[in-house]
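To start, the structure under review is shown below, and the notes come after it.
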Amino acid sequence: MSRAASVLAALGASTSGPMRASDLSRATGLGASTMARLLGTLEELGYVRKLPDTQGYTIGHAILALASAGLNQNPVHREARAPAQELAQRVGLSVNVAVPEGTSVIYLCHFEGHLAPKSHTMIGLTQPIHASALGKAVLLGTSEDERRELLGEGPFPRYTSHTITTHEALTRDLKTAADRGTCIEEQELALGRLCVAAPIREATGDVVAAISISGRLSVMRTQGIDALGEDVIETADRISVGLGMISAVPPRP
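So the sequence shown is numbered by the working numbering: it starts at 3 and just counts up by one.
What follows is the structure, given as structure tokens:
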């Protein structure tokens, strides 16, 4: 099982398209005969697909079906999909919904407005929880002690000169965000990018996900950060109500 998983992971991580059996052997450290048997089984099950013209392998349709089923079974995805799509169409920018996964957040929804076209989907990709607006919005539901247990004592990985790398700075940023209602990521992951996010809560009031609007720095500023923040808060509240939250959430001490 672990060997098959390593083959699928190598295919998924490929940045050069389909991979030949020899490429997969080098990437996974598995022998040629073992790789041939694994690829034959995975192809039979539909988890990989062999391209006859190049003899290369890609992710198969069965993986796509499983991913689709997993998304459709997720209550956050079900409640967030329509509101997030409507928001992207209205503001013309990228709108993403993500849930926490260890020290990262993983994208469940990704929609593009006319001002932010992309040639790829963000669904299934991850971002660091300390350096993204989505991640910081999820962290609004945590105490500093919980963040230290999750992230360690630091310093956190740095992506640009703007990245928050200490608990002290992160706590200050989250305090400001809690008062404002939104988390802002300005060039913390990538230069020239800005993102504003708000937490999504379930029936208990706990933060279970976050939704964001993101785009080029100049475009986001032209649209107005405050106005976009209001839009993302309203959409987050709509999704939270769909998840069962019907009352105000008292602030955590």
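For each residue, glycine too, the CB sits at the ideal point set by N, CA and C.
Everything numeric in this text was worked out from a predicted model, so none of it was measured.
Residue i vs residue j beta-carbon contact at 9 Å
i	j	result
Ser214	Ala100	yes
Val140	Val107	yes
Leu191	Tyr161	yes
Arg182	Gly217	no
Val234	Ala180	no
Leu26	Tyr59	yes
Leu95	Val221	yes
Gly62	Leu40	no
Ile202	Ser242	yes
Classification of residue i by the beta-carbon crowding that lies within 10 angstroms, buried from 16 upward
i	result
His1	Any property of residue 1 remains undetermined from this structure, which presents the chain solely from 3 to 255.
Gly137	buried
Thr237	buried
Ala211	buried
Ala84	exposed
Leu13	buried
Pro255	No answer about Pro255 holds up, because its pLDDT of 47 lies below 50 and its placement is not dependable.
Gly42	exposed
Glu103	exposed
Leu230	buried
Gly19	exposed
Reference residue i, options the options, closest by Cα
i	options	result
Leu172	Val198, Ala135, Gly207	Ala135
Asp228	Thr184, Ser249, Gly217, Glu190	Thr184
Gln91	Pro201, Gln75, His112	His112
Met3	Glu146, Val97, Met37	Met37
Pro119	Glu103, Leu127, Leu110, Val97	Val97
Glu146	Leu117, Lys177, His116	Lys177
Asp239	Leu41, Ala82, Pro54	Ala82
Leu32	Ala6, Thr17, Gly231, Pro20	Ala6
Contacting residues, own chain, Cβ-Cβ under 7 Å from residue i (five flanking each side not counted)
i	result
Gly156	Thr167, Thr168, His169
Pro159	Pro130
Close Cβ partners of residue i (< 8 Å) along its chain, the five nearest in sequence each way excluded
i	result
Ala205	Leu245, Gly246, Met247, Ile248
Leu110	Leu73, Asn76, Val78, His79, Ala82, Val99, Ala100, Val101, Ile125, Ala211
Alpha helix (DSSP H) segment containing residue i, residue limits
i	result
Gln225	219–225
His79	77–93
Leu176	169–182
Extent of the continuous beta strand (DSSP E) run through residue i
i	result
Ala100	96–103
Gln129	128–130
Thr60	58–61
His112	106–113
Arg195	195–203
Test: residue i CB closer than 9 Å to a CB of chain D
i	result
Pro157	Protein chains in the displayed structure number just one, and chain D is not present.
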